[in-house]
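Data block below; observations after.
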Amino acid sequence: MGMFRRLDPVQHRDRFRHELKMDRDEFAWRQRREMNEDKREDRARELRLKAQQQQATAAQRAADQREKEAARAEAAAWSRPVTRYTGGTSRGDRHLGEPLIVEHFALPVSVAVLPPVGSGAPPLVSAAEVFLDADPALRDDAEWISTVGKPVHAAFKTVDQRYGGLLSRLRDHNWWRDVCKAAGVVLTSAVDEPRKTPRGLPVTRKVTTHDLPTITDLRIAEDGLRIRIGARVGDTAARWAKGLDTLRAAFKSAGANASKMRVIEDRAGNVVLVLDDAPSTFPKAVAPPAVEPVTSTAQAAKLYPSLVWPLGVDSKGKPITATLDKFPHVLVAGSTGGGKSVWLRTVIEALRLQGASVYVADGKRSDYVALAGLPGIRMVSTEPAAHTVAVAEVYETMESRREEASRAKAAGEANPYAKYPPILLVLDEFATMRSDWVGLGGRDKDASVADMIAALLRVGREPRCHVILSSQDIYVENVPQGWQDNMPMFASFGAPSPRTLSSGAIPERLRPDAQRIGDRITRETPGRALYVDRENFLIREVQTYYGYSPGTTSLAPKADPKVAPPTPEVRAAWELASETAEQVPWLYPRVGIKALDGAWRKGALRDIAATPTVALTDRDGNVKPGLEKFDPTNPDWLGAERLGGRKRRADGFDDEPAPLATVTPIKAPRATAPADSGAATATASDPLAGLVPSAAELAAMSVSERIEVLRLVAQIRGGEAAPAPEPVVETTPAPDPTPEPVEPVAETAPEPVKPCPAAFDPAAASDF
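Quick note: the sequence shown uses this note's numbering, first residue 6, plus one each step.
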């Protein structure tokens, strides 16, 4: 017990205090430790939360990035440029889903069918088989088999042989697309197309559309296969023409004969590919259709609406004609030997038989003289001054008709021109003619006569005054563009020259075809011509008519081949035409030039044009008494160009007088020598001095008088006595008592006669 001491209260208190302090310190320590642990836990929790937030932010950022990238990829995909193809070898918008029908010009029904792509049928099927499948009863129909089935089957064999490979390729969309792209006939357009992606984002993409030509019709025409292309905005034949070489090569690779393939436009503006591969069957020569001559001017006027230019036939022998009413004037070109003059005489003969009043201005001076005495031929001029009178005659007649028609219209007459028969003015070798006019006309050149021609071309159609203007070449210096624009029909005999091709005679878009067709026309194909319808942009190769022309062609058994009928068929036609030519009545008098001497051709052309004319013949074609002196075809015509003394050619003996053919025309006015002219008198050295007329006196004499004087001179020089020639007394002819010609009074129209075939009417005929 002694080891333990009792603590006094103070100690006990101190000890208690000490233990209490220790407890407090331990509690404080524990409390601080717990607080520190809480802080550590809070910090850790805070760090964990921050880490979680960072992770969430990073994940969101990654998700947003992925969304952006996906949106960009989607926008890029939905705005990617797109190329589309429309059209093709289908019919319209039904892309290759329906058959294509092949028509044939010689059949009333289709000849073949191109089945739809993917149908499993052969690429080309005979239409006869299609008809039989649709109606099996036709197999027992003998009439159908003979009239339809067999002709279709026979034609199909030819079509399949010539075009089977090409037609099957035309149904190959990819082949057609590649060919059209290579030829440059695909119409391409590009637009920016707005749209939204699946996420709703607005984007724009470029859409390029290639519009392929669509084949709408296939037809076997007289000139071969024709492929019609559906009309497209911006598509033209000129555009296709630029790719013709590529198209020809592609079609040849498909087995077609495309060497002569060309492009045209139909009336609806559709482009038509013409293979032009049909075998040519041009005849060697062909005569125009026979016509019956009219018997009165009233009948000629009545038949005028059906009166045609007899042009010729195409490669299949089909006549190609054009009415004078729709094609009032004709422009003709052609070098020597091409058949131009032959055709002009054919036209003249055909129109005079049908009542036309014909004036011919012959620039060559010798091509048409044989026509001068024929009924209906009013005048054949062979010199520049006479050409001027011929033009003035037609012009003044036209103006007279217009004036009369104006009064008739004012009086209420609906068609005042219906009573007039047609008038034809032929100006052949116009380049030479106009050059002669310029040399003859003096300071005014040829303005006055050119103005008359321009007026005839501009307003001559309604008064029924028609002009054929012919020249070797056509160029604006001689045939102004305004004149050419008023001549809707152009014919080139032989290949047109580069000068003619570049003129306005051939529309620019037809010049490649004109060159192509012209290259086929050679001197071995006389009478072959290029026909151009300038108003309807049509061009054709034709064999022009070779007609009978009195005084030029011959039916003699051993006639020169140049003027004899070339074939038995033409001979038979000429024999009929020669009989018909004898039946033509004299509906109009011939026109004479009322000149008193050769001075009428001096001065300006306007004065020459005003030279009076006179009706030479009666209703039987006989020259009226006393009017021979006004007949240009008569050797004693007062207005003839007198001949004077040029040194003779060495074509005869020295002691013979020079023939009249060896003297040179002079342009001195007809006059007798003046009294004080200083004429020589007879001397011992020259007994004829004073007896031989001077050059002026010779010029004043008629041809017969001149011949007699030269004969007497030759006799005297040869030693024979002869009396001196009596002086020639110049007398002024008495005024012509014959009244000016009056248009015949309309007679009661007789029974209609057979006119020329109906005209080719571009407005009515199919261009396809």
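Every residue, glycine too, gets a C-beta built ideally from N, C-alpha and C.
Those residues which DSSP pairs with residue i across a bridge
i	result
residue 494	335 and 538
residue 470	428
residue 325	317
residue 433	367
residue 229	226
residue 93	BP columns for residue 93 are empty, so no partner.
residue 197	211
residue 533	548
residue 597	619
residue 476	338
residue 45	BP columns for residue 45 are empty, so no partner.
residue 109	225
residue 117	107 and 131
Cα-Cα separation, residue i to residue j
i	j	result
residue 83	residue 73	15 angstroms
residue 631	residue 314	38 angstroms
residue 487	residue 516	19 angstroms
residue 327	residue 190	34 angstroms
residue 31	residue 21	15 angstroms
residue 385	residue 323	33 angstroms
residue 218	residue 157	29 angstroms
residue 69	residue 80	16 angstroms
residue 266	residue 109	18 angstroms
residue 131	residue 117	4 angstroms
residue 381	residue 331	23 angstroms
residue 675	residue 637	Confidence at residue 675 is low in this model, with a pLDDT of 31, below 50, so its placement is unreliable and the value that follows should be read with caution. Spanning the two alpha carbons is a distance of roughly 16 angstroms.
residue 492	residue 395	20 angstroms
residue 141	residue 280	36 angstroms
residue 594	residue 623	6 angstroms
residue 38	residue 55	25 angstroms
residue 107	residue 282	17 angstroms
residue 348	residue 433	12 angstroms
residue 459	residue 430	13 angstroms
residue 154	residue 133	6 angstroms
Sub-7 angstroms separation of residue i and residue j beta-carbons
i	j	result
residue 471	residue 329	yes
residue 421	residue 415	no
residue 251	residue 159	no
residue 514	residue 480	no
residue 428	residue 475	no
residue 598	residue 626	no
residue 270	residue 295	no
residue 536	residue 293	no
residue 316	residue 325	yes
residue 477	residue 510	no
residue 400	residue 457	yes
residue 299	residue 305	yes
residue 162	residue 227	no
residue 2	residue 268	Summary: the structure shown does not reach residue 2, with the chain confined to residues 6 through 773, and so no result is reported for it.
residue 639	residue 646	no
Assigned exposure category for residue i - 16 Cβ within 10 Å defines buried
i	result
residue 273	exposed
residue 34	exposed
residue 23	exposed
residue 17	exposed
residue 14	exposed
residue 239	exposed
residue 666	For residue 666, the pLDDT reaches just 36, beneath the cut-off of 50, and the residue's location in the model is therefore unreliable, although a value from the coordinates is still provided. By the 10 Å Cβ count, residue 666 comes out exposed.
residue 25	exposed
residue 318	buried
residue 554	buried
residue 11	exposed
residue 405	exposed
residue 41	exposed
residue 654	The predicted position of residue 654 is uncertain, since its pLDDT is 41 and thus under 50; a value taken from the coordinates is nonetheless stated next. Result: exposed.
residue 354	buried
residue 60	exposed
residue 581	exposed
Would you check if there are 3 or more beta carbon pairs closer than 8 angstroms linking the stretch 198-205 to the stretch 287-307? no
If contact is defined by three or more beta carbon pairs under 8 angstroms, each pair taking one atom from either stretch, is the stretch 364-381 in contact with the stretch 567-583? no
May I ask you to verify whether the stretch 251-265 touches the stretch 216-224, counting CB pairs closer than 8 angstroms and requiring at least 3? no
At a cut of 8 angstroms, does the stretch 334-346 reach the stretch 519-535 through at least three beta carbon pairs? Yes, they touch.
Under 8 angstroms, with one C-beta from each stretch per pair, do the stretch 350-361 and the stretch 610-627 reach the 3-pair mark? no
Mind the definition here: the stretch 379-397 touches the stretch 604-618 only if three or more C-beta pairs lie below 8 angstroms; say whether that holds. The way I'd put it, the stretch 379-397 does touch the stretch 604-618; three or more beta-carbon pairs between them come closer than 8 angstroms.
Take every Cβ of the stretch 86-95, pair it with every Cβ of the stretch 168-183, and state whether three or more of those distances are shorter than 8 angstroms. yes
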